[in-house]
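Enquirer:
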Amino acid sequence: MGRMSVWCVFGLSVMAAVSAAVAVEPLGHPDSTVDWEDLFAADLSNAEYPAGVWSFENGELTATEDQAIWTRDDFENCVIDLEFKNASASNSGVFLYCSDMANWVTSCIEVQILDDHSDKWKDVAPTWRCGGIFGRLAPAKLAVKPAGEWNRYTIRCMGKQVDVVLNGEHVASMDMDKWTSAGTNPDGSEAPSWLGGPLSAMKTKGRIGLQGKHAGAPIWFRNMKVKRLAAAQAGERVSLFNGKNLDGWKVLRCEAAVDNGDILIQDGNGLIEVEKKYGDFVLEFDWKALAEDNWDSGVYFRYAEVPKNRTWPQRYQANLRKGMEGNVEGLEGAVSEGLIKAGEWNTFKLTVKGDAAALEINGGKAWEAKGLEGPAEGFIALQAEVATGGQHRFRNIYITEL
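Under the working numbering, read the sequence shown as residues 980 to 1381, first letter to last.
What follows is the structure, given as structure tokens:
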């Protein structure tokens, strides 16, 4: 627009004060077509566009003018997987959640496509770079290939959470609820005034679109697929970990791997964070410490963010430190004793509702307490504190929203 082992480290960069790239496998469409559909059919029968502007040639979709092409259907929770090829100085984008095609600039968010290698765009703002959310969030790194080479985008939309993988690099992660100002982004950078109101107020259901021959340079697309994702209903037990990879999680300042169907925390001091926020819920998981004489980990819940001067959130944490397993600091009465089986798998069930919480360990009641403060919803994360606490395994992680 013109106008599976994972290691990641957070830090400031010249691009923006956003998280560093997470090396994750793209959530792409498999060889099987099960659950995937064409974003745009070969005859464009499921598209809306100005006559004669967009067409397929040799399986590649391109435009002759600066006009967008739109899906006929609205999409809400979904994964988009496509390939694009820039010409020299290409400037395009993938539009999400568009509720008004005639006024798309102010009624959608755009995952930017740009030939970052072109001198024409060498001085643009970081939020204009390829892989970012145009005008709102800079990509964590530059991952687009030179003009003439094919690139792959995988874009995951789950309500207000949007994640972008470009050529295998997790370059952008946005929680739209944090964009509460129309003119200023959360990192303090300026958002173009013509983009409209704050993203926190934007609808999260609408058309998907592609930008055409913008700024005089063509763009090509191919292998475009979309998969609809079902939103969890209240009372539905949902798996947070698929046992194969860390899709749906962010690994922050630590090293973790999927090993024999478990999440294995290996090194570092950080978090393995679920991408979505939760309010009232029942969280179930199995945990085992690998150290024989000392261990320290935990499960954080209902936190909004990690303060810049801290390694972990301030609260709340269901502790997994030796001798303190299940305790929650700052919550009166949340103390557990004698329910842990050392060196074995232990099953936890944490219920959080309103200002109340309760914990069961291995089927036994650990505690019930009231007095939770802070946000009514927040993130859930596994703690990595390997320097003093050794390695840990987690498996069978489920959540039921209440």
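The beta-carbon is built from N, C-alpha and C at its ideal position, and this holds for glycine as well.
Taking only three categories from DSSP, how would you classify residue 990?
Expert: If you number the sequence shown from 1, residue 990 lands on position 11. In this prediction, residue 990 has a pLDDT of 30, which is less than 50 and means its spatial position is unreliable; what the coordinates show is noted afterwards. Correct three-state label for residue 990: coil.
Enquirer: If you reduce the DSSP assignment to three classes, tell me which class residue 1083 lands in.
Expert: Here residue 1083 is taken as the residue at index 104 of the sequence shown, counted from 1. Reduced to three states, the DSSP call for residue 1083 is helix.
Enquirer: Closer than 6 Å by C-beta to residue 1064: which residues in its own chain qualify, once you throw out the five before and the five after it? Chain order, please.
Expert: For the purposes of this step, residue 1064 is identified with residue 85 of the sequence shown, where counting begins at 1. Cβ neighbours of residue 1064 within its own chain (closer than 6 Å, five residues either side excluded): 1129, 1199.
Enquirer: Does residue 1233 pass the burial test, meaning 16 or more other C-beta atoms within 10 Å, or should it be called exposed?
Expert: Within the sequence shown, numbered from 1, the residue matching residue 1233 stands at position 254. It is buried - the Cβ of residue 1233 has at least 16 other Cβ atoms within 10 Å.
Enquirer: Going straight from the alpha carbon of residue 1083 to that of residue 1029, what length do you get?
Expert: By one-based count along the sequence shown, residue 1083 stands at place 104. By one-based count along the sequence shown, residue 1029 stands at place 50. So the two alpha carbons sit approximately 15 Å from each other.
Enquirer: On the DSSP bridge assignment, give the partners of residue 1203 in chain order.
Expert: To locate residue 1203, count along the sequence shown from 1; it is residue 224. DSSP lists no partner for residue 1203.
Enquirer: With H, G and I counted as helix, E and B as strand and the rest as coil, what does DSSP make of residue 1247?
Expert: To locate residue 1247, count along the sequence shown from 1; it is residue 268. Residue state, collapsed to three classes: strand.
Enquirer: Do the CB positions of residue 1202 and residue 1061 come within less than 8 Å of each other?
Expert: Position 223 of the sequence shown, counted from the first residue, corresponds to residue 1202. Position 82 of the sequence shown, counted from the first residue, corresponds to residue 1061. Yes, the Cβ-Cβ distance between residue 1202 and residue 1061 is below 8 Å.
Enquirer: For residue 1332, collect the residues of the same chain with a Cβ closer than 6 Å to its Cβ; drop the 5 residues on either side in sequence, then sort them by chain order.
Expert: The count along the sequence shown starts at 1 and reaches residue 1332 at position 353. Around residue 1332: 1259, 1381.
Enquirer: Taking the alpha-carbon of residue 1033 as reference, which of 1094, 1142, 1192, 1148 has the nearest alpha-carbon?
Expert: Translated into positions along the sequence shown, residue 1033 becomes position 54. Cα-wise, what sits closest to residue 1033 is 1192.
Enquirer: CB residue 1256 to CB residue 1358, shorter than 8 Å?
Expert: Along the sequence shown, one-based indexing puts residue 1256 at 277. Along the sequence shown, one-based indexing puts residue 1358 at 379. Yes.
Enquirer: Using CA coordinates, which residue listed in 1348, 1339, 1027 is at the minimum distance from residue 1313?
Expert: Against the sequence shown, residue 1313 aligns to sequence position 334. Measuring from the Cα of residue 1313, the nearest candidate turns out to be 1348.
Enquirer: Nearest to residue 1309 by CA position, among 1301, 1316, 1297, is which residue?
Expert: Numbered from 1 along the sequence shown, position 330 holds the residue referred to as residue 1309. The shortest Cα separation from residue 1309 among 1301, 1316, 1297 belongs to 1297.
Enquirer: According to DSSP, is residue 1349 helix, strand or coil?
Expert: Sequence index remark: in the sequence shown, residue 1349 carries index 370 (1-based). The answer is strand: DSSP assigns residue 1349 an E or B state.
Enquirer: Under 8 Å, do residue 1208 and residue 1141 count as touching if we go by C-beta distance?
Expert: Residue mapping note: residue 1208 aligns to position 229 of the sequence shown, counting from 1. Residue mapping note: residue 1141 aligns to position 162 of the sequence shown, counting from 1. Result no, Cβ atoms of residue 1208 and residue 1141 do not sit closer than 8 Å.
Enquirer: Since residue 1071 is in the beta strand (DSSP E), which residue starts that stretch and which ends it?
Expert: Here residue 1071 is taken as the residue at index 92 of the sequence shown, counted from 1. Start and end: 1070-1077.
Enquirer: Measure the beta-carbon distance from residue 1047 to residue 1178 and round it to whole angstroms, keeping in mind my assumption that it falls under 8 Å.
Expert: Residue 1047 sits at position 68 when you count from the first residue of the sequence shown. Residue 1178 sits at position 199 when you count from the first residue of the sequence shown. So it is not a contact: roughly 19 Å between Cβ atoms.
Enquirer: Take the Cβ of residue 1363 as the centre, count every other Cβ of all protein chains shown within 10 Å, and call the residue buried at 16 or more, exposed below.
Expert: Your numbering for residue 1363 matches position 384 in the sequence shown. So residue 1363 counts as buried.
Enquirer: Using beta-carbon positions only, say whether residue 1087 and residue 1145 come within less than 8 Å of one another.
Expert: Taking the first residue of the sequence shown as position 1, residue 1087 is located at position 108. Taking the first residue of the sequence shown as position 1, residue 1145 is located at position 166. No, they are not a contact pair.
Enquirer: Take residue 1172 and list the residues in its own chain whose beta-carbon comes closer than 8 Å to its own, dropping the five residues that flank it on each side.
Expert: Indexing the sequence shown from 1 puts residue 1172 at position 193. Counting only Cβ-Cβ distances below 8 Å, and skipping sequence neighbours, we find 1161, 1162.
Enquirer: Going by DSSP, name the residue or residues bridged to residue 1189.
Expert: The residue you call residue 1189 lines up with position 210 of the sequence shown. In DSSP, residue 1189 forms a bridge with 1048, 1073.
Enquirer: Only counting the same chain, and skipping five residues up and downstream in sequence, which positions put a Cβ closer than 7 Å to that of residue 1223?
Expert: Sequence index remark: in the sequence shown, residue 1223 carries index 244 (1-based). Within the same chain, residue 1223 has close Cβ partners 1237.
Enquirer: Excluding sequence positions up to five away, which residues of its chain have a Cβ less than 7 Å from the Cβ of residue 1051?
Expert: Reading the sequence shown from its first residue, position 72 is the one you call residue 1051. Same-chain partners within the cutoff: 1025, 1026, 1027.
Enquirer: Over what stretch of residues does the beta strand (DSSP E) that includes residue 1019 continue unbroken?
Expert: Against the sequence shown, residue 1019 aligns to sequence position 40. Per DSSP, residue 1019 belongs to no beta strand (DSSP E) and is neither H nor E.
Enquirer: For residue 1049, collect the residues of the same chain with a Cβ closer than 6 Å to its Cβ; drop the 5 residues on either side in sequence, then sort them by chain order.
Expert: Translated into positions along the sequence shown, residue 1049 becomes position 70. So the qualifying residues of the chain are 1027, 1080, 1186, 1188.
Enquirer: Take residue 1220 as the anchor and find which of 1091, 1378, 1342 has the nearest alpha-carbon.
Expert: As a working mapping, residue 1220 is identified with position 241 in the sequence shown. Selected option, being the one with the closest Cα: 1378.
Enquirer: Let me check understanding here. Comparing Cα to Cα, which of 1094, 1057, 1180 lies closest to residue 1067?
Expert: Within the sequence shown, residue 1067 is the residue found at index 88, counting from 1. Checked all of 1094, 1057, 1180; the closest Cα to residue 1067 is 1094.
Enquirer: With burial defined as no fewer than 16 other Cβ atoms inside 10 Å of the residue's Cβ, what is the status of residue 1117: buried or exposed?
Expert: By 1-based counting over the sequence shown, the position of residue 1117 is 138. Answer is buried; the Cβ neighbour count reaches 16.
Enquirer: So, using beta-carbon positions, are residue 1165 and residue 1281 closer together than 8 Å?
Expert: By 1-based counting over the sequence shown, the position of residue 1165 is 186. By 1-based counting over the sequence shown, the position of residue 1281 is 302. No; because the gap between Cβ atoms is not below 8 Å, this pair is not in contact.
Enquirer: Could you round the C-beta distance between residue 1330 and residue 1261 to whole angstroms and report it? I think they count as a contact, below 8 Å.
Expert: Position 351 of the sequence shown, counted from the start, is the residue given in the question as residue 1330. Position 282 of the sequence shown, counted from the start, is the residue given in the question as residue 1261. Indeed, because the Cβ distance is near 5 Å, the residues count as touching under 8 Å.
Enquirer: How would you write the range of the beta strand (DSSP E) that residue 1151 sits in, first residue to last?
Expert: For the purposes of this step, residue 1151 is taken as the residue at position 172 of the sequence shown. Taken as a continuous stretch (DSSP letters only), the beta strand (DSSP E) holding residue 1151 covers 1148-1154.
Enquirer: Give the range of the beta strand (DSSP E) segment to which residue 1382 is assigned.
Expert: Because the chain spans 980 through 1381 in this model, residue 1382 falls outside it and cannot be assessed.
Enquirer: Would residue 1267 and residue 1341 qualify as a contact pair, given that the criterion is a beta-carbon distance under 8 Å?
Expert: Taking the first residue of the sequence shown as 1, we reach residue 1267 at position 288. Taking the first residue of the sequence shown as 1, we reach residue 1341 at position 362. No, the pair does not count as a contact, with Cβ atoms beyond the cut-off.
Enquirer: Run through the segment 1214-1244 for me and flag every whole beta strand (DSSP E) of 3 or more residues, listed as ranges in chain order.
Expert: If we require 3 residues or more, the beta strand (DSSP E) runs fully inside the segment 1214-1244 come out as 1216-1218, 1228-1238.
Enquirer: Taking buried to mean at least 16 other C-beta atoms within 10 Å of its own C-beta, is residue 1289 buried or exposed?
Expert: Position 310 of the sequence shown, counting from 1, holds the residue named residue 1289. With fewer than 16 Cβ atoms within 10 Å of its Cβ, residue 1289 is classed as exposed.
Enquirer: Quick check on residue 1195: does DSSP put it in helix, strand or coil?
Expert: Position 216 of the sequence shown holds residue 1195. In the three-state DSSP reduction, residue 1195 falls in the helix class (H, G or I).
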